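Heads up: the sequence shown begins at 1 in the UniProt record's numbering, then just goes up one per residue.
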Amino acid sequence: MNALRQTRATTTKLLSSASPASNGTRALLVANASVAQSSAVPRLNISGSNSRHFGTTRRAMAMQASNRLKTAFAQGRQSMGMWQMLPGANVSRLLARSGVDWVMVDCEHGNMDDSAMHDAVPAIAALGVSPLVRIPDIQSWMVKRALDSGAHGVLVPLLRTVEQAKELVQAAKFPPMGRRGFGSPIAPERFSPMPSFTEYLQQANDALLTMVQIETREALDVVEDIAAVDGIDVLFIGPFDLGNSIGHPILNGAMAPELTDAIGRILAACRKAGKKCGMYATSGEQAKIFADQGFDMISVAADYTALEYVLKQQFGASQGQGATSKTGSY
C-alpha cells in the first residue's frame, strides 16, 4: 500500500505540472498509475460495461453517437452519402453540406492519395458528417492509415474470401478483438465531443464501421459466410465489378437478370446475418429505387461524374441543345 500511495502522489504531481496540450502524457501517466494500483490491490470492475475492449467505459458511447452513419443504423433508418474522388478540403465540405450522412473518400479509384485523405477526413467530420475511406487494396497498413486519420469507417474493395474478411477485422480492431496498433493523436479529434485517448481506445471497436465490398464471384459464392463474420458491419455492393466478375457486365446502363439476382442474394445474406447492406448508385433516381428495395446505405452521386454531367448540361443549354445523357449511370 505504501508503494501505491507513492505512485499516486508522483502521478498527481506530474499531472498538475503537465501542460494542457500534453494529453498523451496525461493518458500515459494515468495508465501507469492504474497498472501500479492493479499490482498492489485487487481491481474491481464496477463499470458494468459490455464494451469489447477491456470492459471499462465510464460514460455512454459518445463516439458512436457522433458517428452519423452508425447513428442512422442504430435508429433503423436508411442513409444516403456522396462519393469524393477529387482532392481538396473545399470539395469535401461541398459534399458534406449536401445533406447526406456520410462522404466516402475514394482512395481506390479516385484522385485521393494519403495526404488528400488526411485533408478530406477532418473537413467532413467538422460538419457533423461521417468521413468514410475506401482504401486501395486489402492491406492492413492501409486500414490503419485510414482509421488513424479519424475515419468513422473503412471500406475494403474486391473482397474474395471469408479469411480476408476475418483478417480485415483483425486489422481494424484494437485488442483483444484484433491487433490494430494504438497511438494516433489525430483520430480522436474527428469526433464531437472529442474523446480522450483512453475513451477512444475503449470505444473505437464499437464506434467505427468495418465494411467490405462484395464485387467478385468468389465473394458472392460465400457471401452468407462473409456476412456471418463477427466484426463485419456492412456488405457494400459494387455492381460494376460484380457484373464483370460473374460474366454479366453492365452494358449501356442495363443490368442482366443474373446480376440483379446476385444483388438480391447479397441483400438477403445481410438480412439473415443482421448486417447492413450498402449499394453504389450513380444518381438520386437510382438511389431512390434502391432505397425502395430496402438497402441501408446508398450512394447518391460522385463529385467527378456529377460535375461532368452538370457542366455538359449547362453548356448544352447554352447551345440550345436537349438534355445531356448521364455519365457512368446504369
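Quick reminder that beta carbons are idealized off the backbone N, C-alpha and C, glycines included.
Being a predicted model, the structure only gives us computed values, none of them experimental.
Spatial distance of V234 from A89 (CA atoms): Sequence index remark: in the sequence shown, residue 234 carries index 234 (1-based). Sequence index remark: in the sequence shown, residue 89 carries index 89 (1-based). Spanning the two alpha carbons is a distance of roughly 26 Å.
(message) I'd like to know if the region 243 to 253 and the region 190 to 200 are in contact, where contact means that at least 3 CB-CB pairs between them fall below 8 Å.
(response) no
Reference E108; option with closest CA among R93, P87, A96, D101: Within the sequence shown, the letter at position 108 stands for residue 108. Residue P87 is the option with its Cα nearest to E108.
Quiz item: If you draw a straight line from the alpha carbon of N205 to that of K288, how long is it in whole angstroms?
Solution: By 1-based counting over the sequence shown, the position of residue 205 is 205. By 1-based counting over the sequence shown, the position of residue 288 is 288. If I take the Cα positions, the gap works out to 32 Å.
query: Between Q321 and the rest of its own chain, which residues show a CB-CB distance below 7 Å, the 5 nearest in sequence each way excluded?
result: The residue labelled residue 321 in the question sits at position 321 within the sequence shown. Same-chain partners within the cutoff: there are none.
Inset, instruction - Run the CB neighbour count on F236, radius 10 Å, all protein chains shown included, and call it buried at 16 or more, exposed below. - result: Here residue 236 refers to the residue found at position 236 of the sequence shown. By the neighbour-count rule (16 or more Cβ atoms within 10 Å), F236 is buried.
Q. Is it true that the CB of I124 sits closer than 8 Å to the CB of S92?
A. The count along the sequence shown starts at 1 and reaches residue 92 at position 92. The count along the sequence shown starts at 1 and reaches residue 124 at position 124. Yes.
Point to revise | K276 (DSSP reduced to helix, strand or coil) | key: Position 276 of the sequence shown holds residue 276. If DSSP states are grouped into helix, strand and coil, K276 belongs with the strands.
Check D226 in the structure and name its three-state DSSP category.
-> Residue numbering aside, residue 226 sits at position 226 when the sequence shown is read from its first letter. Reading the sequence as shown, one finds Ile at residue 226 and not Asp. Correct three-state label for I226: helix.
Straight-line gap, T161 to Q313 (C-alpha atoms, nearest Å):
The count along the sequence shown starts at 1 and reaches residue 161 at position 161. The count along the sequence shown starts at 1 and reaches residue 313 at position 313. If I take the Cα positions, the gap works out to 42 Å.
What would DSSP say about D261, mapped onto helix, strand or coil? Mapped onto the sequence shown, residue 261 falls at position 261. Helix at D261.
Requested in this report: Give the secondary structure of A27 by DSSP, where H, G and I count as helix, E and B as strand, and everything else as coil.
Outcome: As a first step, residue 27 is located in the sequence shown; it is residue number 27 there, counting from the start. For A27, the predicted model reports a pLDDT of 39, less than 50, meaning its position is unreliable; a value from the coordinates is still stated below. The answer is helix: DSSP assigns A27 an H, G or I state.
*asked:* Using 8 Å as the cut-off, can you tell me whether the region 150 to 159 makes contact with the region 125 to 137, which would need three or more C-beta pairs spanning the two stretches below that distance?
replied: yes
**Prompt:** Going by other Cβ atoms of all chains shown within 10 Å of its Cβ, with 16 needed for buried, is W102 buried or exposed?
**Reply:** On the sequence shown, residue 102 is found 102 positions in, with the first residue counted as 1. Under this definition W102 is a buried residue.
When we look at the beta-carbon of P157 and count the other beta-carbons within 10 Å, is it buried (16 or more) or exposed?
The count along the sequence shown starts at 1 and reaches residue 157 at position 157. Buried, since its Cβ has 16 or more Cβ neighbours within 10 Å.
Where in the region 202 to 249 do unbroken runs of the beta strand (DSSP E), each at least 3 residues long, occur, reported from the N-terminal end onward? 209 to 214, 234 to 237
First and last residue of the alpha helix (DSSP H) that includes A165? Your numbering for residue 165 matches position 165 in the sequence shown. First-last of the alpha helix (DSSP H) with A165: 162 to 172.
Option nearest S66 by Cα separation, candidates M194, Q84, V105, R145:
For this step, residue 66 is matched to residue 66 along the sequence shown. The residue with the shortest Cα to Cα distance from S66 is M194.
ask   = Is it buried or exposed for L311, if we count other Cβ within 10 angstroms and need 16 for buried?
value = Translated into the one-based positions of the sequence shown, residue 311 becomes position 311. Per the 10 Å Cβ criterion, exposed.
Can you tell me whether DSSP reads P122 as helix, strand or coil? The residue given as residue 122 occupies position 122 in the sequence shown. Helix, per DSSP.
Select from Q319, A317, M279 the residue whose C-alpha is nearest the C-alpha of W83.
As a first step, residue 83 is located in the sequence shown; it is residue number 83 there, counting from the start. Closest by alpha carbon: M279.
| Taking Q164 as the reference, which of Q78, V212, D261, F73 has the closest Cα? | Position 164 of the sequence shown holds residue 164. Of the listed residues, the one whose Cα sits closest to Q164 is V212.
| request: Report the partner residues of Q84 according to the DSSP bridge assignment. | output: Counted from its first residue, the sequence shown places residue 84 at position 84. Partner(s): V105.
message: Quick check: K173 and E224, are their CB atoms within less than 8 Å of each other?
response: Locating residue 173 in the sequence shown gives position 173, counting from the first residue. Locating residue 224 in the sequence shown gives position 224, counting from the first residue. In this structure, E224 does not lie closer than 8 Å to K173 by Cβ.
* Continuous beta strand (DSSP E) stretch holding R134: start and end -> Taking the sequence shown and counting its residues from 1, the one referred to as residue 134 is at position 134. From DSSP, the beta strand (DSSP E) with R134 extends over 130 to 134.
For L95, name the three-state secondary structure that DSSP assigns. Here the question's residue 95 lines up with position 95 in the sequence shown. Looking at L95 - three-state DSSP - the assignment turns out to be helix.
Please state whether DSSP places L4 in a helix, a strand or coil. Locating residue 4 in the sequence shown gives position 4, where the first residue counts as 1. For L4, the predicted structure reports a pLDDT of 39, less than 50, and the residue's modelled location is therefore unreliable. The matter cannot be settled from this model.
| In whole angstroms, what is the alpha-carbon distance linking I263 and G284? | The residue given as residue 263 occupies position 263 in the sequence shown. The residue given as residue 284 occupies position 284 in the sequence shown. Taking the straight line from one Cα to the other gives about 19 Å.
Checklist entry - With respect to the alpha helix (DSSP H) encompassing L147, which residues constitute its N-terminal and C-terminal limits? => result By 1-based counting over the sequence shown, the position of residue 147 is 147. That run of the alpha helix (DSSP H) goes 140 to 148.
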